[in-house]
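Asks:
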């Protein structure tokens with residue numbers, strides 16, 4: 010990189026850009042009940058504000074990633090941040106639920122160009138342990154983003170559901186620095202996307218993506234249903250408290266993202282996947298048996314810690330095995346996995362609850378705790394048989 014040497018400020022810009030992306034589509038979940046009470050439409054229509062954007066993100070992920078391999082990652086990142094802010098904040102001005110849903114679909118597409126581009130640029134700017142450490146810092150950034158978005162959204166809800174959409178203006182904060190401080194990584198002829206490249210088996214990528222998809226599914230299972238679950242508690246719970254608890258979850262994700270490079274030194278990616286499921290199992294169990302804020306908070310901390318490892322584990326693994334010429338496309342798969350999990354929750358939760366009984370959120374959390382524990386034990390033991398880094 011003769012013409013451009015990335016610095017620590019370069020890293021800060023990338024982390025700031027990625028910060029609001031992970032829970033961007035679910036940031037307004039604390040005000041869903043307020044939107045229903047405002048008479049915007051039937052419950053199933055209002056719920057599309059949360060369920061459709063992740064589908065748009067998942068559908069666009071591979072396409073946006075492949076486009077970045079051809080026209081450049083910085084351009085895609087800058088445009089995505091602009092669209093994220095404008096489409097997100099539009100809910101502040103709109104009263105028609107269908108117009109809001111349309112803009113939320115655009116928001117979903119924009120998110121598919123934020124986190125994958127930040128991950129790909131870090132993978133190309135840095136090498137070795139430095140790359141692994143900084144990809145873990147993306148988890149820190151996402152966790153802080155969850156903390157800010159959820160807590161701020163819960164606070165803004167006191168001024169009405171419209172005000173909650175103002176949180177998306179945070180997407181503009183990093184945009185000037187992306188335009189001024191980031192440069193496209195130089196490519197040799199052999200690295201250009203037009204040249205044939207050899208990539209690992211699709212089954213290998215599918216396995217990596219599943220280690221992001223399932224932890225994200227369990228995480229969103231709680232994030233989306235938390236306000237309904239807490240509605241059954243013996244004390245009143247405001248949107249602010251729901252947002253604050255999800256913010257604590259985000260803070261826990263940030264801590265584990267910061268520590269990811271230490272895990273990667275001692276464990277294989279497969280073993281880390283096992284540890285992720287075991288942590289999430291413990292978190293889901295505590296949430297499922299909780300009758301007070303102490304147990305609930307402890308469960309959210311464990312759940313967040315597991316999810317904070319899942320994203321950097323997947324991105325670091327993909328960056329190790331993927332040629333730079335097609336890195337955007339396969340990094341896009343990480344985002345597809347994450348937001349497909351959020352969309353899948355829209356039918357997984359109702360399906361499980363139809364079997365267990367309406368409102369049986371505790372039983373649902375305990376069921377998935379068992380599934381997660383089983384997966385975690387198997388993956389951890391399998392991963393221990395392989396050399397570190399494989």
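Residue numbers (my numbering): 10 to 399. Every residue, glycine too, gets a C-beta built ideally from N, C-alpha and C. Everything numeric in this text was worked out from a predicted model, so none of it was measured.
1. Short check: CB of residue 122 to CB of residue 89, under 7 Å?
2. Return the residue from the list 294, 188, 215 and 185 that minimises the CA-CA distance to residue 227.
3. Buried or exposed, going by whether 16 or more other CB atoms sit within 10 Å of the CB of residue 383?
4. If you follow the alpha helix (DSSP H) that residue 160 is in, where does it begin and where does it stop?
5. By DSSP, does residue 81 sit in helix, in strand, or in coil?
6. Can the beta-carbon of residue 251 be found closer than 7 Å to that of residue 39?
7. Quick check on this structure: which residue in 178, 258, 131 and 308 has the alpha carbon closest to the alpha carbon of residue 329?
8. By alpha-carbon positions, which one of 371, 85, 263 and 333 ends up nearest to residue 69?
9. What is the DSSP secondary structure of residue 51, counted as helix, strand or coil?
10. Less than 7 Å separating the beta-carbons of residue 370 and residue 238?
11. Quick one, which of 387, 335 and 287 has its alpha-carbon nearest residue 76's?
12. To the nearest angstrom, how far is it from the Cα of residue 256 to the Cα of residue 212?
13. Is the beta carbon of residue 323 less than 7 Å from the beta carbon of residue 221?
14. For the ligand COA, is there a heavy atom less than 6 Å away from the beta-carbon of residue 384?
15. If we count the other Cβ atoms within 10 Å of its Cβ and call it buried at 16 or more, is residue 281 buried or exposed?
16. Can you give me the Cβ contacts of residue 273 inside the same chain, cut-off strictly under 6 Å, excluding the 5 residues immediately before and after it?
Replies: Looking at the atomic coordinates:
1. yes
2. With distances taken between Cα atoms, residue 227 lies closest to 294.
3. exposed
4. 137-165
5. coil
6. yes
7. 131
8. 85
9. coil
10. yes
11. 335
12. 35 Å
13. A distance below 7 Å separates the beta carbons of residue 323 and residue 221.
14. In the structure shown, the ligand COA is absent, as is every other ligand, since no ligand is present at all.
15. buried
16. Excluding residues up to 5 positions away in sequence, 141 lie with their Cβ nearer than 6 Å to the Cβ of residue 273 in the same chain.
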